[in-house]
Amino acid sequence: MLHRGRESTDGTGDGELTIPMAWLYAEYIADELLRSGDLMPPTSFEFRAGRDALALTVFLSDTEGELSGIRVITQLETWLSLTAYDQPWQEWVQGRLADVARGAAGRGTPDPDLELAREAWRWLRETELLAPDLDAVPGGAAGGEGEGPEVWTPAWELGLPLGHLAIHLF
């Protein structure tokens, strides 16, 4: 199941409609990982945050542009390390997006995969979701689920650990 996300669907690249296969494949992998973990309802914003964070990780870690079905299993450890709590994921995403953009500029053709990745990153940065305040004072008045203090959190900060956990559960 080898594909090249930066060519048209027939491989000619002669100005025909280009399908963003690399991004769509990364999004599919992320979706399957999250669904198999059964962590959030697929219709929730939290699920979307996890899917977009994982899809960016999958898409941007594929430096050869040839992620095949068999390589997915071999990439799980790489994705785990990239999404780990102590890693500078946000800086890595920005750097890799810049690298991919330079490559696209060198080819002189628009890259629909890159545009979808940029849009996902924009959404993750600019959207804030209400989440439990993990920095709240211990022993506070937190009761049952959903009764503790909450804060507005950038979607990527909520989606990244969700994606990381989904990989672990896979």
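Mapping of the sequence shown onto this note's numbering: residues 662 to 831, in sequence order. No residue lacks a Cβ here, since even glycine has one placed at the ideal position from N, Cα and C.
Distance from the CA of I828 to the CA of G769, rounded to the nearest whole angstrom, comes to 36 Å. Using a 10 angstroms sphere on the CB of D747, the tally of other CB atoms stays under 16, which defines it as exposed. Assignment of P815 by DSSP, reduced to helix, strand and coil, places it in the strand class. Apart from the 5 residues on each side of it in sequence, R696 sits with its Cβ closer than 7 Å to the Cβ of P703 in its chain, given in chain order. Take the alpha-carbon of T814 and the one of T788: they are about 8 Å apart. In this structure the region 705-718 touches the region 817-826; the number of beta carbon pairs closer than 8 Å is three or more.
Sorting E752, P749, E707, A683 by C-alpha distance to the C-alpha of A792 places E707 at the top.
Residue state for P822 is assigned as helix, using DSSP reduced to three classes.
Linking V761 to V812 through their CA atoms gives a straight-line distance of about 34 Å. Collapsing the DSSP output to three states places A792 in a strand. Residue nearest to A687 within the set L737, L700, S705 is L737 (criterion: CA-CA distance).
Between the beta-carbon of F720 and that of D774 there is about 7 Å, and that keeps the pair under the 8 Å contact cut. In this structure, DSSP gives A745 a state outside helix and strand, which the three-state scheme calls coil. Closest in C-alpha terms to Q751, from the list L678, D794, L785, comes L785. Counting only residues of its own chain and dropping the five nearest sequence neighbours on each side, A816 has a CB closer than 6 Å to the CB of A710, L785, T788, L790. Contact annotation, F831 with L700: C-beta distance approximately 11 Å; criterion of less than 8 Å not satisfied. R757 is positioned such that its CB atom lies closer than 9 Å to that of S722. With a beta-carbon spacing of about 25 Å, T744 and G809 fall beyond the 8 Å limit used to define contacts.
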